[in-house]
Amino acid sequence: MIDELNYSLPSNLNDAYSQLQEIHRKPLAGATDIIPRLRRTKLPIDTLVDISRIREINFIREHETEIEIGALTTHSEITDSALLQSTAISLLEASASIGCQQTRNRGTLGGNIANASPAADTLPPLLTFDAVVHLGSLDGTREMPLSKFLLGPGKTGLAVGELIEFISFKKLNRYGLAYVKSGKRNGMSIAVASAAVAIALDDNGRIEDIRLALGSVASTALRCPRAEKILIGKPLTKTHFKKAGEIVYEDISPIDDVRASASYRRSVAAALVMQVLSIAEGRLN
Ligand SMILES: Cc1cc2nc3c(=O)[nH]c(=O)nc-3n(C[C@H](O)[C@H](O)[C@H](O)COP(=O)(O)OP(=O)(O)OC[C@H]3O[C@@H](n4cnc5c(N)ncnc54)[C@H](O)[C@@H]3O)c2cc1C
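The sequence shown begins at 3 in the numbering used here and counts up one residue at a time.
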């Protein structure tokens with residue numbers, strides 16, 4: 003389905019922004035999503051602007067209270083990062099679960115976010131971090147909470163001419179973090195459902211803060227506010243984990259598709275919630 007396409011290879015952000023000033027020009031990072039899509043479907047694109055050589059947005063940085071990850075950071079770089087191993091293990095688990103090694107070596111965090119697939123693996127952990135998306139364009143920079151950036155399948159708050167430059171999130175030092183996903187064994191493991199959690203306890207061993215997010219169960223990855231609320235102030239018991247799973251079962255709105263039925267997704271999501279809470283509990287300091 004690929005007709006003739008123009009291609010450009012800017013070496014810095016300003017050149018990229020100049021070349022993205024028109025609605026039919028699209029950025030290309032690792033190309034693991036956009037090229038397969040162009041092969042399947044006719045998309046309204048006449049120029050691919052290859053941003054993969056722009057070093058300014060390929061980094062993992064630690065500040066006193068925050069972590070920043072450049073949009074061009076690949077899933078393999080995330081998986082290999084000792085810093086993220088100790089500060090953002092659930093994101094590392096999500097990146098490690100993506101496709102095969104070749105896909106992880108090329109696919110980027112920015113591409114995974116901009117894709118806005120309900121099944122995108124990095125989104126649930128990033129939602130539990132309250133991550134912020136930092137956008138740039140010729141007009142300057144702006145930031146948006148990830149939860150507001152995701153508008154629907156393939157739809158985001160990106161404007162024409164904008165790129166994701168990096169994402170940031172506050173370090174969650176006292177938290178237990180985890181990500182789990184259920185996918186078809188013989189496929190490239192696109193999630194049937196997925197769950198991430200960040201959980202912190204008070205001095206009495208009760209839940210002081212909990213952020214629970216799910217993937218593949220609605221039109222975007224999303225947080226589960228009712229399940230979070232029911233767990234606040236409670237001790238970590240299997241009974242409460244089960245209750246959270248039951249609420250998730252009621253609250254989500256999955257669809258039937260080739261990978262799974264809606265009712266199967268509901269059951270899997272409820273089970274994943276209990277599993278991810280147990281794993282995070284084991285990681286609390
Ligand atoms: C075999 C295979 C298996 C896969 N398995 C999984 C999986 O298990 N889980 C999963 O989540 N994904 C999976 N994917 C999808 C894909 O690999 C990931 O979403 C990857 O992170 C996309 O990143 P990319 O750099 O390759 O994006 P690209 O294909 O380069 O771009 C994807 C989209 O994002 C836009 N974009 C890219 N970078 C930016 C930026 N910085 N700013 C603004 N827009 C940008 C592009 O214009 C395009 O619309 C799989 C893909 C393949 C081919």
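Note that the Cβ used here is the ideal one computed from N, Cα and C, for glycine as well.
Here L148 is buried, its C-beta having at least 16 other C-beta atoms within 10 Å. In the structure shown, the three-state DSSP call for P29 is strand. DSSP, reduced to helix, strand and coil, places T76 within a strand of the structure shown.
For G247, the enclosing alpha helix (DSSP H) starts and ends at 240 to 253. Look at the stretch 37 to 109 and you find these whole runs of beta strand (DSSP E), each 3 residues long or longer: 49 to 52, 62 to 64, 68 to 72. With a cutoff of 7 Å, D123 counts as near ligand 1, since its C-beta is closer than that to a heavy atom of the ligand. For L216 against A197, the beta-carbon gap comes to about 5 Å, under 8 Å, which counts as contact. Boundaries of the alpha helix (DSSP H) harbouring V270: 264 to 284, taken from the DSSP string. Secondary structure at T143: strand, using DSSP grouped into helix, strand and coil.
The shortest CA-to-CA distance from I56 to any of F151, D17, K157, F131 is the one to D17. Annotated as distal: P227 and R208, with beta-carbon spacing of 8 Å or more. Nearest to T75 by alpha-carbon distance, out of T124, N287, P120, F151, is T124.
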